[in-house]
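Chains as they are written, first to last, in this note's numbering: chain A, 539 to 652; chain B, 10 to 121.
This is how it looks when you write it as structure tokens:
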């Protein structure tokens, strides 16, 4: 059974803290993605990676960074958390290449920055 | 730059009727894929249907069909014979050049 696992379902952090959100997939997928989901805005792409150590900025990368040292793990880092980063964060992974390679999603992390 | 537009924030549909969810996209890539996902109130993301940019026939999966109009850059989802369990948020997405982008979503509420 395919699986994308995010390390926490709920997190509460203080303003200014460095925050790590971890995502692990067990499907040997090349591509991994981080999104944030806010009401009325849908899923907005923060960063994605198509290979180990490769990363590309998405549509809203400001205030975030990522790390992909191993194929199965993709970490999202909030360098200095701010209240406007309070959101639901979703990780996804998929096989590389073209075709009907659907993305599989983690269960999400609800982050609250106070 | 890629962009996905879903103009319908919310829709109501009567049980057993069909509903069409609009999606338009913009990309300069010639090769791309279009997806629809369902997100029920539980929060999980469920893949529904896929259409490739070079596919000549519209994709169908059970009660779901994708009305693909390439020249208009449109990829509408049609749900036939709506059921109460279809009440959820629906997202249109496009993959081009490794990047997978989503629209803002449409909330569908099915009435008995």
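Idealized CB from N, CA, C, for every residue including glycine.
Check: Rounded straight-line distance, which links the Cα of residue 597 (chain A) to that of residue 552 (chain A); Outcome: 25 Å
Check: From A:547, A:561, A:543, A:575, residue whose alpha carbon lies closest to that of residue 605 (chain A); Outcome: A:561
Check: Beta bridge counterpart(s) of residue 84 (chain B) as assigned by DSSP; Outcome: B:77
Check: Chain-order list of residues whose beta-carbon lies under 8 Å from that of residue 617 (chain A) (same chain, five-residue window excluded); Outcome: 556, 601, 602, 603
Check: Range of the contiguous beta strand (DSSP E) that encloses residue 598 (chain A); Outcome: Counting along the chain, residue 598 (chain A) falls outside any beta strand (DSSP E), and DSSP gives it neither H nor E.
Check: Residues of the segment 82-107 of chain B whose Cβ lies closer than 7 Å to any Cβ of chain A, in chain order; Outcome: 100, 107
Check: Residue 586 (chain A): contacting residues in chain B (beta-carbon distance under 9 Å); Outcome: 107, 108, 109
Check: CB contact below 9 Å: residue 649 (chain A) versus chain B; Outcome: no
Check: Cβ pair count under 8 Å reaching 3, the segment 48-60 of chain B against the segment 637-650 of chain A; Outcome: yes
Check: Min CB distance residue 49 (chain B) to chain A below 9 Å; Outcome: no
Check: Buried/exposed call for residue 11 (chain B), threshold 16 Cβ in 10 Å; Outcome: buried
Check: Interface residues of the segment 50-70 of chain B facing chain A [CB-CB below 8 Å]; Outcome: 52, 53, 54, 56, 59, 61
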